[in-house]
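Under the working numbering, think of the first position of the sequence shown as 9, with each following residue one higher.
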Amino acid sequence: MDLIIHSLQSIAIAIIEPMHLLMILIFGIIFYFKNVRIVSIQKMTLGEGINTPLELTLSQIVLGILAGAIGTVILSVLGVTFSENSGIEFIFMISILSLFYKKKYISYAYSGAILGIIGICLKIISNISGMKLFMNINILSLTTFIGVMYVLEGILIIIDGNRGAIPVFTKKDDKIVGGFSFSRYWPVPIAILMIFSNSASTTDSVYLNVSSWWPIVNRSETLAILATTMIAAIPLYGIMGYGNVTFTQEKKVKALRCGGAILVYGVSIMLIAQLAGINILGEIFAIIYLPLAYELIMRYETNVEKKGECLYVSDDEGIMVLEVTPNSPAYEVGIKRGDKIIEINGQNIQSEVDIFKAAKDTIFNIPIKIKNNSGQVLEYIVQPRNKRLGLLLVPKMVKKEDIFEIKPDDLKNIIDELKNKK
């Protein structure tokens, strides 16, 4: 219990200590400006934002800190420890640097595998030549740590992954289909248990009264060196990121599905990691498993998306609603995402232009007949506000000159293109 409390105190230091506080403020500023771009796109497509930049940023910061505290407790209970020359800090550095490049490189599966390969190679060289290791990487602790990080990432995606989703369109089978693009980041402070020699100078080192149950993993090796060492909980910041696109699933369903897959992947890593405690073959297998299993999961999700049936498609029956703005006239009467508008003002709809024209040409109530996901046909009376209904519709067709390509990681280009179209 003392170890857990000490680790949580280190997380508190990572929040309130001036240098760490400066770091989290920097993350907050970076996330805020990214979220400003997301809300700008929402306003350009919907007329107003679904979320505010501050709301999106605060949820990232708060949930990231909570995830870090939970992860720290799990790692402390498991007894995951690293030596002072383990190189574990490089994984955190890579995740932060990736924030400024491409979020796919934030993945701990790849950076952890690279660090693990380096550790195994150094160990083999040391055994052959007798050379002293300049980097001592504990593969069992490394892979268990990465497993815990993916468990946390899965939980964050399930809880917060669908927030700030951007409506997007693509073409499939000669039809325009609507969907959503996801882009979320979380700063996660983790207190890593570092083992130092007694000669090492560290301000927050503590001697441990080892309990009979601790550590759960890496027991024999850790217990063998605790008698002559000190252990410290060192707070480090890492970044977790989630980016995806779906045209075949609801926003929350997609986040739940991907988050669940990542969570299961994290648990599987923690189990596979125990092979690393047997011999070097077990270490090699655990390291290979990290990127291989991650790639398989990503490819499977991509394949499911490709083979799935698109949810948001307009056809001859009616025009599909992709998104409804909160507190808009359409939202207030009960129109939902996935509803299909089949009549307006008692007239069949030929295209989305009929709906925009009806809202623009009158200030009076408009009868709108829709068909919902269950196949029920319902009629609503909607009064346009500022010539808007608060709906984002999936067009039946788009002029070639109005089409522009977007990249999921390049929000600035998307905004510039939308401004040009306006």
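All residues carry an ideal CB built from backbone N, CA and C; glycine is no exception.
Mapping DSSP to helix, strand and coil, what is residue i?
i: Pro61; result: helix
i: Lys262; result: helix
i: Ala199; result: strand
i: Met157; result: helix
i: Asn43; result: helix
i: Ile174; result: strand
i: Val185; result: strand
i: Ser115; result: coil
i: Lys404; result: coil
i: Ser94; result: coil
i: Leu71; result: helix
If you measure from the CB of residue i, is any heavy atom of the ligand PLP nearer than 8 Å?
i: Ala121; result: No copy of the ligand PLP appears in this structure; indeed no ligand is present at all.
Between the C-alpha atoms of residue i and residue j, what's the straight-line distance to the nearest angstrom?
i: Pro243; j: Pro334; result: 40 Å
i: Ile203; j: Ile34; result: 30 Å
i: Ser207; j: Glu92; result: Since pLDDT at Ser207 reaches only 49, below the 50 mark, its modelled position is unreliable, and the value read off the structure follows with that caveat. Those two C-alpha atoms are separated by around 12 Å.
i: Ser84; j: Leu304; result: 30 Å
i: Gly398; j: Gly274; result: 40 Å
i: Gly124; j: Ala241; result: 22 Å
i: Ile73; j: Thr254; result: 28 Å
i: Ser336; j: Asn373; result: 14 Å
i: His28; j: Leu271; result: 28 Å
i: Val385; j: Ile357; result: 15 Å
i: Tyr250; j: Ile296; result: 23 Å
i: Gly326; j: Lys395; result: 21 Å
i: Leu148; j: Ile99; result: 16 Å
i: Phe41; j: Ile167; result: 22 Å
i: Ile376; j: Met31; result: 51 Å
i: Ser18; j: Ile371; result: 60 Å
i: Thr60; j: Gly127; result: 45 Å
i: Asn353; j: Glu56; result: 25 Å
i: Tyr431; j: Lys51; result: In this structure the chain extends from 9 to 430, so residue 431 is not present and cannot be described.
i: Gly346; j: Gln257; result: 11 Å
i: Ile102; j: Val341; result: 48 Å
i: Asn381; j: Ser67; result: 31 Å
i: Ile132; j: Ile165; result: 38 Å
i: Ala433; j: Gly76; result: Since the displayed the chain opens at 9 and closes at 430, residue 433 lies outside it and no answer follows.
Would you grab the beta carbon distance between residue i and residue j for me? Rounded to a whole angstrom, and I think it's under 8 Å.
i: Tyr158; j: Ile277; result: 6 Å
i: Glu360; j: Pro403; result: 5 Å
i: Met328; j: Lys348; result: 5 Å
i: Tyr320; j: Ser115; result: Rounded, the Cβ-Cβ distance is 29 Å, inconsistent with contact.
Buried or exposed: residue i, going by 16 or more other Cβ atoms within 10 Å of its Cβ?
i: Leu62; result: exposed
i: Gln355; result: exposed
i: Arg307; result: exposed
i: Gly383; result: exposed
i: Asp323; result: exposed
i: Met248; result: buried
i: Lys260; result: exposed
i: Ser189; result: buried
i: Pro26; result: exposed
i: Glu331; result: buried
i: Val70; result: exposed
i: Asn287; result: exposed
i: Glu291; result: buried
i: Val312; result: exposed
Are the C-beta of residue i and some C-beta of chain C separated by less than 9 Å?
i: Phe293; result: No chain C appears in the structure shown, which is made up of a single protein chain.
Which ranges does the alpha helix (DSSP H) cover as unbroken runs of at least 4 residues, wholly within the region 234–305, from first to last along the chain? Counting only runs of 4 or more, we get 259–280.
Hey, which unbroken runs of the alpha helix (DSSP H) at 4 residues or more fall wholly within the region 312–399? 337–341, 360–368
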